[in-house]
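One structure is given here, and the rest of the page talks about it.
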Amino acid sequence: MRKGILEVSVRSEGRNLPEYQVDPVDDRTLACYIPSEVGKTFEICWRGDTRRDKYDSTMRCSVDGRSAGGTFCMRGIVDISRWGIRNAANRRKPFVFAPLATTDDESLAVSLEAHPDLGTIDVKLLYAVRLGTTHFKQRPDAIQPSTVHEKSKKMGVHCVSLGDSRECERHDKVKIKPINKSDPVYARFIFRYRSKDFLQAEGIMPLDEGNGGGAHSPAPSGRKRRSAGLHPDILEAGPNRKRARKNDPAAPARTVKDVKPSVAELAGNEYLGDLQTGHGSVQGRAQSLETRTKGLKGSDSSQRVKRERRGIAEDVIDLTGSDVKRERSPIRLEASGVVIDLTLDD
1 MRKGILEVSV RSEGRNLPEY QVDPVDDRTL ACYIPSEVGK TFEICWRGDT RRDKYDSTMR
61 CSVDGRSAGG TFCMRGIVDI SRWGIRNAAN RRKPFVFAPL ATTDDESLAV SLEAHPDLGT
121 IDVKLLYAVR LGTTHFKQRP DAIQPSTVHE KSKKMGVHCV SLGDSRECER HDKVKIKPIN
181 KSDPVYARFI FRYRSKDFLQ AEGIMPLDEG NGGGAHSPAP SGRKRRSAGL HPDILEAGPN
241 RKRARKNDPA APARTVKDVK PSVAELAGNE YLGDLQTGHG SVQGRAQSLE TRTKGLKGSD
301 SSQRVKRERR GIAEDVIDLT GSDVKRERSP IRLEASGVVI DLTLDD
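If you're matching positions, the sequence shown starts at 1 in UniProt numbering and goes up one per residue.
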C-alpha cells in the first residue's frame, strides 16, 4: 500500500502479495486484504524517502495483536524489510503463515477466545530520536501458533508462527524515544491476511487469480484483440469499412433490384420530353444574350468590372504571405525548471 511517498508491502517467497480492497480507515491509516498460504514465509517491507523529514523514523510491527519488533531508520532513502524475530545476536526466526488450531473443549471457551486482531499484520510508522544501543537479551518467543475455541474461530483466518532459526547480520538493540508519546504514529498500514479460498468465496479476490497475480496489475494488452475476435462481424469505422465489405466474399452481391432508378425512369417519358423542350428554349435565349453582348461598345463596362474586382481583392488578407503580422498568444508559460511534486499528501 502507498501513502504519499511511503510504501509498505508484504512479500512472500520473493514476490509482493497482491492487495485487495485498499481502503482508508482514517487520514493516517490504510487497510487491505492479502492472500496467505500455510507454510509460506513472509517479510514486511518499507520503502520511501524521508530526507525532508524533521526527525528519524521507526517502523513498529505487530502480528495477530502481538508485538513483532521494530526497525529504526535514519532520514534518507528507506528500503528495509523485517522478516522475523531475533532470538540471538546473529540469528532470527522467520515469520510463517500457519493454520489456526481450534478446540471444542467448553471449559476453555472463555480463555481461548480469538484475539480481535487475529489475522492482521499491523505496521506503524512514527517519528523518534535515537538514544543509544544495548546488547541483545534472550527473551521467550512472543509469537506462538494460536489456538482458539471453535465458536470464536474466524472464517478463513490463518495465524502467524515462527520458523526455524536462521543466521543474520549481528545488531545491537537500538533504544529510541518517540517524538510525541501521546500521538506518535504518522502513518499506519493494516494487512488482513486470509486464505485464498475465503477471499474468492467472499468476492474479494477473482476466481481465476492465484497468489502470484497482482490486484492492481494492468489489463493484458491482448484484451481488446480478444474482444474483436469474439465479434468478427463488427468492423471499425473509417475508409477501411467499405473496403472490407467489398472484399468480403460473404457479402451479398448487388442485383438489379438493389440499383436505384434514375429520375427519368421514375417520372416517365412524358416528363423527359418536357425537359427536352425546355432545353431548346433556353438555348435560344442564350444565343440572343450573346448577340446583345457583342454589340455593346466602349470600355466603361470593362473598366468598371475591373475596378470592382480590384476593390474586392483589396478586402482579402493573404495569410500565406510572409508579411502577415503574427499576434502574440495571450497564453504565457512559466519558466521551466519548476518541479511540481504530485506524490505528496493532500
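Backbone N, C-alpha and C fix where the C-beta goes; we use that ideal spot for every residue, glycine too.
With a cut-off of 8 Å on the beta carbons, I'd call residue i and residue j a contact; round off their distance for me.
i, j, result
"residue 50", "residue 75", "5 Å"
"residue 46", "residue 8", "5 Å"
"residue 157", "residue 203", "Actually they are not in contact, since the Cβ atoms of residue 157 and residue 203 sit about 17 Å apart, beyond 8 Å."
"residue 128", "residue 55", "7 Å"
"residue 132", "residue 175", "5 Å"
"residue 190", "residue 122", "5 Å"
"residue 32", "residue 22", "4 Å"
"residue 85", "residue 179", "Going by Cβ atoms, the distance from residue 85 to residue 179 rounds to 26 Å, so no, they are not a contact pair."
In this structure, how does DSSP classify residue i when only helix, strand and coil are distinguished?
i, result
"residue 198", "helix"
"residue 18", "coil"
"residue 100", "coil"
"residue 53", "coil"
"residue 358", "What the structure shows of the chain is the stretch from 1 to 346, and residue 358 is not part of that stretch, so it cannot be assessed."
"residue 35", "strand"
"residue 69", "strand"
"residue 41", "strand"
"residue 11", "strand"
"residue 132", "strand"
"residue 161", "strand"
"residue 61", "strand"
"residue 30", "strand"
"residue 170", "coil"
"residue 266", "Summary for residue 266: the model assigns pLDDT 42, below 50, so the residue's position carries little reliability, and this model does not support an answer."
"residue 178", "strand"
"residue 137", "coil"
"residue 94", "strand"
"residue 85", "strand"
"residue 123", "strand"
"residue 143", "coil"
"residue 6", "strand"
"residue 25", "coil"
"residue 190", "strand"
"residue 203", "coil"
"residue 1", "coil"
I'd like to check one pair, residue j with residue i: are the Cβ atoms closer than 8 Å?
i, j, result
"residue 166", "residue 94", "yes"
"residue 48", "residue 5", "yes"
"residue 90", "residue 170", "yes"
"residue 70", "residue 116", "no"
"residue 126", "residue 206", "no"
"residue 63", "residue 163", "no"
"residue 67", "residue 43", "no"
"residue 159", "residue 98", "yes"
Measure the C-alpha to C-alpha separation of residue i and residue j and round it to an integer number of angstroms.
i, j, result
"residue 79", "residue 102", "38 Å"
"residue 2", "residue 209", "22 Å"
"residue 17", "residue 192", "12 Å"
"residue 195", "residue 73", "32 Å"
"residue 161", "residue 12", "14 Å"
"residue 36", "residue 136", "31 Å"
"residue 188", "residue 168", "27 Å"
"residue 100", "residue 198", "14 Å"
"residue 134", "residue 83", "21 Å"
"residue 52", "residue 130", "18 Å"
"residue 57", "residue 77", "12 Å"
"residue 30", "residue 60", "15 Å"
"residue 27", "residue 92", "34 Å"
Quick one: using the 10 Å Cβ neighbour count with 16 as the cut-off for buried, is residue i buried or exposed?
i, result
"residue 19", "buried"
"residue 124", "buried"
"residue 139", "exposed"
"residue 182", "exposed"
Say whether chain D places a C-beta atom closer than 8 Å to the C-beta of residue i.
i, result
"residue 166", "No chain D is part of this structure, which consists of one protein chain only."
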